[in-house]
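Following our numbering from start to finish, the sequence shown increments by one per residue and tops out at 941.
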Amino acid sequence: MTTIQLSAHTYDLLAWRARQTNRAPDALADEVLHREFQPIHPYIEFQTSRWGDRAVVKGAGTPVNVVVDYVRLGLAPEKFAEEVHPALLPACVYDALSYYYDHRSEIDREIAENTEEVHRLQLAARMRSEEDYQKITGRQG
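This is the structure:
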């Protein structure tokens, strides 16, 4: 193993992110540097949010899980590029699908966490009362 030196500030950021994702700082640094210098998926980049990194189509910000959902519904990749997101090249859509097959469990988890049912349950848990939930949604919790 070879070592590198980081500024204290950069190491603190790395250590913080590693704790957020339950990984060792060394493993996270290796993954980030590998991803940056040897992109296997040239049309995929990562957006960081408070929930962690998310794979999106580079330059468009379209999450990979959204592309996968459309294709699962029967839309051909070319049609997604043509009808849903005309600014995307078909190669971008195919790279998103390739990324999905390389990271299936991660993307399937994102898809499962972004269903209407999950969002309703999260909203119900945040509401102070059943009455507040009904006012906002028009539904029983």
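Note that CB positions come from ideal geometry on N, CA and C, so glycine has one too.
Candidates the options, of which the one nearest residue i by Cα
i	options	result
Val867	Asp853, Ala891, Gly852 and Asn822	Ala891
Glu910	Val893, Ala855 and Glu931	Ala855
Tyr900	Arg817, Leu889 and Ile844	Ile844
Asn822	Lys879, Tyr894, Gly852 and Pro842	Gly852
Leu806	Gln820, Arg819 and Pro825	Pro825
Thr803	Lys879, Ala827, Asp812 and Arg819	Ala827
Three-way DSSP call (helix, strand, coil) for residue i in this model
i	result
Thr810	helix
Ile804	coil
Pro863	strand
Ala912	helix
Ile907	helix
Ala855	strand
Arg819	helix
6 Å Cβ shell around residue i - same chain, five flanking residues per side excluded
i	result
Ala896	Val857, Val864 and Val867
Cβ-based neighbour list, residue i, same chain, cut-off 7 Å, excluding 5 preceding and 5 following
i	result
Ala829	Leu814
Glu887	Correcting the residue type first, residue 887 is Ala in the shown sequence and not Glu. Ala860.
Cβ shell of residue i (< 8 Å), same chain only, five flanking positions each side left out
i	result
Val967	Only positions 801 to 941 of the chain appear in this structure, which leaves residue 967 out of reach.
Residues sharing a beta bridge with residue i, DSSP
i	result
Ser849	Gly852
Arg844	The question names Arg, but residue 844 is Ile in the sequence shown. Note: Ile844 sits in a beta bridge opposite Val857.
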